[in-house]
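Read the structure below first, then the notes.
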Amino acid sequence: MTVRKGEHRQLLKDSFMVELVEGARKLRHVFLFTDLLLCAKLKKTNRGKSQQYDCKWYIPLADLTFQPVDESEAAANIPLIQDDELEAMKVKISNLKSDIHRERKANKGGKGMDRLRKKLSEQESMLLLLSPSMAFRVHNRNGKGYTVLTWSDYERAEWGEHIREQQKKCMKSFSLSSLEIQMLTNSCVKLQTVHRVPLTLSKEDDESSGLYGFLNVIVHSATGFQQSSNLFCTMEVDSFGYFVNKAKTRVYRNTTEPSWNEEFEIELEGSQTLRILCYEKFYNKNRPMREDGGECSERMVAKGQVQLDPHMVMGKDWQRSVVSMNGIEVKLSLKFTSREFSLKRLPSRKQTGVFGVKIGVVTKRERSKVPYIVRQCVEEIERRGMEEVGIYRVSGVATDIQALKNAFDSNNKDVSVMMSDMDVNAIAGTLKLYFRELPAPLFTDELYPNFVEGVALSDPVAKESCMLNLLLSLPEPSLLTFLFLLDHLKRVAEKESLNKMSLHNLATVFGPTLLRPSEKDSKIPTNPTQPISMADSWSLEVMSQVQVLLYFLQLDTIPTPDSKRQSILFSTECVMYYGSLWRSTRPL
Numbered sequence: 001m002t003v004r005k006g007e008h009r010q011l012l013k014d015s016f017m018v019e020l021v022e023g024a025r026k027l028r029h030v031f032l033f034t035d036l037l038l039c040a041k042l043k044k045t046n047r048g049k050s051q052q053y054d055c056k057w058y059i060p061l062a063d064l065t066f067q068p069v070d071e072s073e074a075a076a077n078i079p080l081i082q083d084d085e086l087e088a089m090k091v092k093i094s095n096l097k098s099d100i101h102r103e104r105k106a107n108k109g110g111k112g113m114d115r116l117r118k119k120l121s122e123q124e125s126m127l128l129l130l131s132p133s134m135a136f137r138v139h140n141r142n143g144k145g146y147t148v149l150t151w152s153d154y155e156r157a158e159w160g161e162h163i164r165e166q167q168k169k170c171m172k173s174f175s176l177s178s179l180e181i182q183m184l185t186n187s188c189v190k191l192q193t194v195h196r197v198p199l200t201l202s203k204e205d206d207e208s209s210g211l212y213g214f215l216n217v218i219v220h221s222a223t224g225f226q227q228s229s230n231l232f233c234t235m236e237v238d239s240f241g242y243f244v245n246k247a248k249t250r251v252y253r254n255t256t257e258p259s260w261n262e263e264f265e266i267e268l269e270g271s272q273t274l275r276i277l278c279y280e281k282f283y284n285k286n287r288p289m290r291e292d293g294g295e296c297s298e299r300m301v302a303k304g305q306v307q308l309d310p311h312m313v314m315g316k317d318w319q320r321s322v323v324s325m326n327g328i329e330v331k332l333s334l335k336f337t338s339r340e341f342s343l344k345r346l347p348s349r350k351q352t353g354v355f356g357v358k359i360g361v362v363t364k365r366e367r368s369k370v371p372y373i374v375r376q377c378v379e380e381i382e383r384r385g386m387e388e389v390g391i392y393r394v395s396g397v398a399t400d401i402q403a404l405k406n407a408f409d410s411n412n413k414d415v416s417v418m419m420s421d422m423d424v425n426a427i428a429g430t431l432k433l434y435f436r437e438l439p440a441p442l443f444t445d446e447l448y449p450n451f452v453e454g455v456a457l458s459d460p461v462a463k464e465s466c467m468l469n470l471l472l473s474l475p476e477p478s479l480l481t482f483l484f485l486l487d488h489l490k491r492v493a494e495k496e497s498l499n500k501m502s503l504h505n506l507a508t509v510f511g512p513t514l515l516r517p518s519e520k521d522s523k524i525p526t527n528p529t530q531p532i533s534m535a536d537s538w539s540l541e542v543m544s545q546v547q548v549l550l551y552f553l554q555l556d557t558i559p560t561p562d563s564k565r566q567s568i569l570f571s572t573e574c575v576m577y578y579g580s581l582w583r584s585t586r587p588l
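Position 449 of the sequence shown, counting from 1, maps to 449 under UniProt numbering, and the rest follow consecutively.
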């Protein structure tokens with residue numbers, strides 16, 4: 001009834017998406033047919049009854065146009081969700097998945113397992129509803145427009161490509177009666193290809209939960225471009241079902257065959273897919289507003305992805321891969337290191353450098369309170385990286401990081417000159433690498449379990465007393481270095497509107513780096529009668545490390561004003577200052 005006799009309507013693509021309705025997020029199921037785009041809401045039904053859809057709107061493809069999106073304007077109109085809210089959902093999801101894992105190992109089922117799976121589905125749906133933030137707008141020629149939210153350019157471009165390709169075919173406008181709409185919506189129940197909220201953690205098979213560790217990626221080159229352009233690539237990996245940008249190559253100017261040969265180290269958290277997005281960059285020399293003396297804009301020209309099969313990437317050797325993208329090919333090399341091995345702290349065999357050397361040895365040798373490498377990296381990042389989107393999250397080029405590491409280890413006097421010419425993400429990566437390669441964590445192996453237990457206290461007064469007491473118990477080099485870094489990270493978060501790095505994002509990046517113990521076994525107290533999988537164990541441990549750092553980042557009773565910055569670096573009275581401050585603010 002919804003198409004003319006002899007014609008066939010087919011479903012091309014469907015997906016759960018988020019619609020922005022009068023400033024509120026609404027979970028929708030969007031269906032792309034050969035002649036129309038349909039947005040439906042999945043109705044709540046009584047137990048045992050089949051799914052039902054309620055049509056919210058539809059647009060014939062002949063009447064559909066795309067509205068250009070001003071990212072800054074869109075960001076102002078999209079309700080932002082606090083990172084700690086999203087993290088709390090992830091914690092709940094991990095805990096529920098662990099409970100389901102234990103129930104399955106004990107061969108339990110029935111109502112208990114059903115309840116856990118229902119709770120898991122609810123949390124995953126909520127995370128899906130709150131996580132996307134990139135606007136994608138479609139418009140009906142009759143005047144009505146609709147805004148849906150996606151996670152990245154990849155989804156936005158994918159939907160746009162499918163719609164435009166179908167619009168090339170000869171189509172006419174039409175309208176559906178209420179009966180026809182109802183029949184079409186009812187058919188979606190049988191036609192849908194996506195039946196569940198698409199999160200990795202909803203999968204039953206533990207082997208499908210993705211990879212945890214570090215993926216080294218070398219972006220070699222690309223071919224197939226038809227005209228000379230300024231080209232660069234970005235890389236995304238999935239975590240908890242949505243994708244996050246992790247790395248970006250430099251812009252290769254005026255070429256049809258860019259040869260980047262840049263290596264990146266990308267952290268994986270249950271990741272299953274690596275996405276590659278190629279962009280063309282445009283510069284307007286008449287409006288000098290941005291880098292290279294001109295205002296710039298960019299356009300995606302190709303996209304593709306690689307499935308991260310554990311058997312493909314877990315070997316010791318590099319694995320070559322070619323990603324085909326509609327005539328464009330990008331050549332990659334991949335090597336994966338599991339978290340169990342990548343996070344081991346190993347002392348340096350030589351004590352002349354700074355990487356892998358105890359922080360007390362380095363500060364004593366340099367006769368300073370905070371290592372030179374930390375001060376230099378922070379100074380350079382605060383000079384020109386505070387507004388860099390994804391600073392500390394986006395991976396720097398591995399070869400640049402290695403060059404800086406060698407320069408600091410050899411006490412190269414020209415290291416500051418080297419840094420001024422390097423991409424700021426490489427400097428951020430060098431700072432993270434320094435803390436990651438310390439033979440003992442900044443928070444020490446001895447105090448680590450106490451910090452984890454302290455941050456879990458429910459009484460806020462007891463928690464503050466415990467955490468500050470533990471902090472002031474750190475060795476002086478560790479304490480002063482941490483306070484210096486803490487001051488810097490708070491400054492970075494003050495620019496969150498520009499760099500997209502909140503306190504929680506920074507805690508996620510630095511928490512495991514600063515707290516991860518040097519011993520192989522976890523220090524987090526566990527219940528031996530309730531074993532959990534290794535992936536879940538790692539996740540829970542990392543979340544605890546993030547929470548410890550986040551606590552100090554959010555704590556107002558440890559101010560780090562500019563007037564005290566030099567004393568943090570060089571004054572031995574710094575500990576006394578913070579100790580007296582803590583005692584003066586401690587509740588009676």
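We put the beta carbon where it would ideally sit given N, CA and C, even for glycine.
query	result
Using the beta-carbon count (16 or more within 10 Å), is E22 buried or exposed?	exposed
CB of I391 to nearest heavy atom of the ligand COA: below 7 Å?	The model on display carries no ligand, and the ligand COA is accordingly not part of it.
Can you round the beta-carbon distance between I59 and L20 to whole angstroms, since I take them to be within the 8 Å contact cut?	Not quite, the Cβ-Cβ distance comes to about 16 Å (not below 8 Å), so this is no contact.
Which value, in whole angstroms, describes the spacing of the CA atoms of D556 and E388?	26 Å
Using 8 Å as the Cβ pair cut-off and three pairs as the minimum, do the segment 500-510 and the segment 388-401 touch?	yes
Give a yes or no on whether the C-beta atoms belonging to L86 and L130 are separated by under 8 Å.	yes
I'd like the list of long-range same chain contacts for V415, defined as Cβ closer than 8 Å, with 5 residues on each side in sequence excluded.	Q376, L404, A407, F408
Does the segment 206-226 come close enough to the segment 267-283 to have 3 or more Cβ pairs within less than 8 Å?	yes
Given a cut-off of 8 Å, decide if V251 and L232 are closer than it, judged by their beta-carbon atoms.	Before going further, note that residue 232 is Phe rather than Leu in the sequence given. In this structure, V251 lies closer than 8 Å to F232 by Cβ.
Go through its chain and collect everything with a Cβ distance to N140's Cβ below 6 Å, but skip five positions before and after it.	I59, D63
With N245 as the anchor, note down where its beta strand (DSSP E) starts and where it stops.	242-248
My guess is that L61 and Q167 are in contact by the Cβ rule of under 8 Å, so how many angstroms apart are they, rounded?	5 Å
In this structure, does DSSP put F443 in helix, strand or coil?	coil
Flag this pair as touching only if the segment 424-438 and the segment 453-461 have three or more C-beta atom pairs under 8 Å; answer yes or no.	no
Output the distance between the C-alpha atoms of residue 592 and S178, rounded to the nearest integer angstrom.	Residue 592 lies beyond the residue range present for the chain, which begins at 1 and ends at 588; the question has no answer from this structure.
DSSP on N505, reduced to helix/strand/coil?	helix
For M386 and K495, which I take to be in contact (beta-carbon distance under 8 Å), what is that distance rounded to the nearest angstrom?	5 Å
With a floor of 3 residues, list each beta strand (DSSP E) that falls wholly inside the segment 307-387, ordered by position along the chain.	319-325, 328-338
What residues in its chain sit with their C-beta under 7 Å from that of L211, if we drop five residues either side in the sequence?	L268, S271, L308, P310, F336
Rounded to the nearest angstrom, what separates L442 and V219 at their Cα positions?	33 Å
Measuring CB to CB, does S518 end up less than 8 Å from A440?	yes
Compare the Cα-Cα distances from T352 to each of Q402, I328, S133, N411 and report the closest residue.	N411
From the DSSP secondary-structure annotation, give me the bridge partner or partners of residue 591.	This structure cannot speak to residue 591, because the chain is shown only from 1 to 588.
M126 by DSSP, collapsed to three states: which one?	helix
Quick one: Cα of F355 to Cα of V362, how far?	9 Å
List, from N- to C-terminal side, the beta strand (DSSP E) runs of 3 residues or more that fit wholly inside the segment 121-191.	134-140, 145-150
Which of the three DSSP states is assigned to F66 in this structure?	strand
Could you tell me which residues DSSP puts in a beta bridge with A302?	C278
What residue range is occupied by the uninterrupted beta strand (DSSP E) comprising H220?	211-223
Please report the residue range of the alpha helix (DSSP H) in which E496 lies.	496-499
Mind checking whether D14 and Q192 have CB atoms under 8 Å apart?	yes
Given a cut-off of 8 Å on the beta-carbon distance, is the pair A135 and V69 in contact?	yes
Based on the DSSP secondary-structure assignment, which residues constitute the bridge partners of F232?	Y279
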